[in-house]
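Engineer: Mapping to my numbering: the sequence shown position 202 is 202, numbers consecutive. In this text, a Cβ means the ideal position worked out from N, Cα and C, and glycines have one as well.
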Amino acid sequence: MAVVIVGAGMAGVQTAVALREQGYDGSLVLLGAETHPPYDRPPLSKDVLLGKAEHSRFEIDFAGLGVELALGRRALSVDVEARLLKTDAGDLGFEQLVLATGAAPIALPGQPASAFLLRTQDDAVALKAALRPGTRVAVVGAGWIGAEAATVARQLGCEVTVVEAASSPLAGALPAELGERTRGWYAAAGARLITGAAVSGVERDAVWLTDGTEIAADVVVVGIGARPDNGWLAGSGIALDDRGAVAADAFLRAGGLRHVYAVGDCASFPSRRYGERLAVHHWDNALQGARVVAANLRGGEVAYDPVPYFWSEQFGHMVQVVGHWDAGDEMVARGEDTVLWLRGDALIALLAVDRPRDLAQGRKIIEAGARLDLTKAVDPAIPLKAALA
Ligand SMILES: Cc1cc2nc3c(=O)[nH]c(=O)nc-3n(C[C@H](O)[C@H](O)[C@H](O)COP(=O)(O)OP(=O)(O)OC[C@H]3O[C@@H](n4cnc5c(N)ncnc54)[C@H](O)[C@@H]3O)c2cc1C
Numbered sequence: 001m002a003v004v005i006v007g008a009g010m011a012g013v014q015t016a017v018a019l020r021e022q023g024y025d026g027s028l029v030l031l032g033a034e035t036h037p038p039y040d041r042p043p044l045s046k047d048v049l050l051g052k053a054e055h056s057r058f059e060i061d062f063a064g065l066g067v068e069l070a071l072g073r074r075a076l077s078v079d080v081e082a083r084l085l086k087t088d089a090g091d092l093g094f095e096q097l098v099l100a101t102g103a104a105p106i107a108l109p110g111q112p113a114s115a116f117l118l119r120t121q122d123d124a125v126a127l128k129a130a131l132r133p134g135t136r137v138a139v140v141g142a143g144w145i146g147a148e149a150a151t152v153a154r155q156l157g158c159e160v161t162v163v164e165a166a167s168s169p170l171a172g173a174l175p176a177e178l179g180e181r182t183r184g185w186y187a188a189a190g191a192r193l194i195t196g197a198a199v200s201g202v203e204r205d206a207v208w209l210t211d212g213t214e215i216a217a218d219v220v221v222v223g224i225g226a227r228p229d230n231g232w233l234a235g236s237g238i239a240l241d242d243r244g245a246v247a248a249d250a251f252l253r254a255g256g257l258r259h260v261y262a263v264g265d266c267a268s269f270p271s272r273r274y275g276e277r278l279a280v281h282h283w284d285n286a287l288q289g290a291r292v293v294a295a296n297l298r299g300g301e302v303a304y305d306p307v308p309y310f311w312s313e314q315f316g317h318m319v320q321v322v323g324h325w326d327a328g329d330e331m332v333a334r335g336e337d338t339v340l341w342l343r344g345d346a347l348i349a350l351l352a353v354d355r356p357r358d359l360a361q362g363r364k365i366i367e368a369g370a371r372l373d374l375t376k377a378v379d380p381a382i383p384l385k386a387a388l389a
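As structure tokens, this is what we get:
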């Protein structure tokens, strides 16, 4: 009997690697619905789309690690009591199970097959082939994926229009006044940005807005978010939260069971640090969570309580966010390019644009729960690490 991991993305792969690193020498099966060798997603909207890299395969010797890759094989349902997984290629028994099925992109109602989503290697390769100088590209959604796709499309010489329902870019992730600061990046890159514009329909060659505007396009890219890919767990008894993520406990255990875990984009967890349940759809969460799951599969009692981190590369800028805030936290500017969030005088989150040093130092301060002397911290000329209270 084996550890079976469902989902061969970042979280599943890193769980397998961490299990071996932590000394697990039993049978290990990594099941992935996609047929491609496991690969990393962030480059898909960057170097792979641009054509600077052909693929983003993980450079991992799975055979050498003794990881049985079962690719092109989809889990259909699970009986956690009987420890049996039903897949489209027969049943699979397990001793311990890891759910790492990630998220699936959200499509617009009635979206034609010609419209592109950007989640998989196949999506990126197909979209890349369609992006030629002069191609008219309409991007629906000015979130992280939409902004990165627009960046690359402009680099490839396409005519780009981005439409966003909210009043500012990155509205789902950042306060409006911060997202608004990226508006000028679109203009500088020669991309047209239309905000406050709800889409009423998408056709093969156009995007229609609710006010009747038609945006003619050769290529339509839809980047409006992703949902945990957990539909196959219906009837399994494993509880999902109100956003469809597996509602894991502090140890990333799922369904209240000691032999089932959930990690990465498909899961949410109670954050003691931030006092709420978090669902983090970012790369670093898949990496850090995997290490905790591996430790707990090995009999550990390690609580998962990360300081979330992610980055985005858009319009020549590196945007990095560490930590988590809510509306009640105090937001303070540190010069033009860094924003701090404080709870009391403790730094709890930070956004940095092209300020990697602020990010690195801020991350350590947040992790340590250290307090800031605000009179110093607001001065970008003073290193953050020299601004401790
Ligand atoms: C284009 C793109 C760019 C990104 N860029 C950034 C970035 O710059 N910075 C950042 O922090 N994050 C970025 N992310 C987010 C980051 O890549 C994800 O958070 C990360 O991939 C999550 O890993 P995961 O393993 O949980 O899920 P996934 O990577 O989605 O992997 C899950 C895998 O499970 C498989 N699967 C699903 N259901 C089943 C089933 N029933 N049976 C078997 N297999 C199944 C899927 O096919 C998939 O391969 C980006 C994501 C995308 C799509």
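If you reduce the DSSP assignment to three classes, tell me which class E203 lands in.
Structural biologist: E203 falls in the strand class under three-state DSSP.
Engineer: So what does M331 bridge to, in DSSP terms?
Structural biologist: Beta-bridge pairing links M331 to W341.
Engineer: Look at the alpha carbon of L108 and the alpha carbon of L117, and state the distance between them as a whole number of angstroms.
Structural biologist: Computed Cα separation, rounded: 10 Å.
Engineer: If you compare alpha carbons, which of D379, L388, D354 is closest to A368?
Structural biologist: Considering only alpha carbons, the answer is L388.
Engineer: Following a CB-centred definition, is F310 positioned closer than 7 Å to any heavy atom of ligand 1?
Structural biologist: Yes.
Engineer: Does the count of Cβ pairs from the segment 50 to 57 and the segment 25 to 33 closer than 8 Å reach three?
Structural biologist: Segments in contact, no.
Engineer: So what does I5 bridge to, in DSSP terms?
Structural biologist: Paired residue(s): L30, V98.
Engineer: Excluding sequence positions up to five away, which residues of its chain have a Cβ less than 7 Å from the Cβ of F310?
Structural biologist: Result list for F310: H282, W283, D284, V321, in chain order.
Engineer: Do you know offhand how far H324's Cα is from G255's?
Structural biologist: Between H324 and G255, the C-alpha separation is close to 26 Å.
Engineer: By Cβ distance below 7 Å, which residues in the same chain neighbour L76 in space, the five residues on each side in sequence not counted?
Structural biologist: Within the same chain, L76 has close Cβ partners K86, T87, D88, W232.
Engineer: Under three-state DSSP, which class holds E148?
Structural biologist: Three-state DSSP puts E148 in a helix.
Engineer: Count the other C-beta atoms from every protein chain shown that fall within 10 angstroms of the C-beta of T101, then say buried if there are 16 or more, exposed otherwise.
Structural biologist: Burial call: buried.
Engineer: Are there 16 or more other CB atoms within 10 angstroms of the CB of P306, so buried, or fewer, so exposed?
Structural biologist: With 16 or more other Cβ atoms within 10 Å, it is buried.
Engineer: Would Q22 be called buried (16 or more neighbouring beta carbons within 10 Å of its own) or exposed?
Structural biologist: It counts as exposed.
Engineer: Hey, could you find the ends of the alpha helix (DSSP H) L65 is sitting in?
Structural biologist: Its alpha helix (DSSP H) spans residues 62 to 65.
Engineer: Output needed for W208: all residues of its chain with C-beta closer than 8 Å, excluding positions within five of it in sequence on either side, in chain order.
Structural biologist: Here the set comprises V199, S200, G201, V202, E214, I215.
Engineer: Give me the Cα-Cα distance between E148 and G223, rounded to the nearest whole angstrom.
Structural biologist: Each residue's Cα considered, the two are about 10 Å apart.
Engineer: For the alpha helix (DSSP H) that Y186 lies in, which residues bound it at each end?
Structural biologist: Here the alpha helix (DSSP H) through Y186 covers 183 to 189.
Engineer: Relative to the C-alpha of A113, which residue among Q121, L127, A103 is closest?
Structural biologist: Out of Q121, L127, A103, L127 has the C-alpha closest to the C-alpha of A113.
Engineer: If you scan the segment 245 to 297 from start to end, which runs of the beta strand (DSSP E) of 3 or more residues do you find wholly inside it?
Structural biologist: You should have 260 to 262, 267 to 271, 276 to 278.
Engineer: Distance, Cα to Cα, G344 vs K376?
Structural biologist: Distance between the alpha carbons of G344 and K376 is about 16 Å.
Engineer: Is any non-hydrogen atom of ligand 1 found closer than 7 Å to the C-beta of R414, if you look at the structure I gave you?
Structural biologist: It is not possible to answer for residue 414, since the shown part of the chain is limited to 1 through 389.
Engineer: How many angstroms separate the CA atom of G7 from the CA atom of E180?
Structural biologist: Distance between the alpha carbons of G7 and E180 is about 36 Å.
Engineer: So, helix, strand or coil for G179, using DSSP?
Structural biologist: Three-state result, G179: helix.
Engineer: Using a threshold of 7 Å, is the CB atom of R119 nearer than that to any non-hydrogen atom of ligand 1?
Structural biologist: Under cutoff, so the answer is yes.
Engineer: Buried or exposed: G300, going by 16 or more other Cβ atoms within 10 Å of its Cβ?
Structural biologist: The residue in question, G300, is exposed, as its Cβ has fewer than 16 Cβ neighbours within 10 Å.
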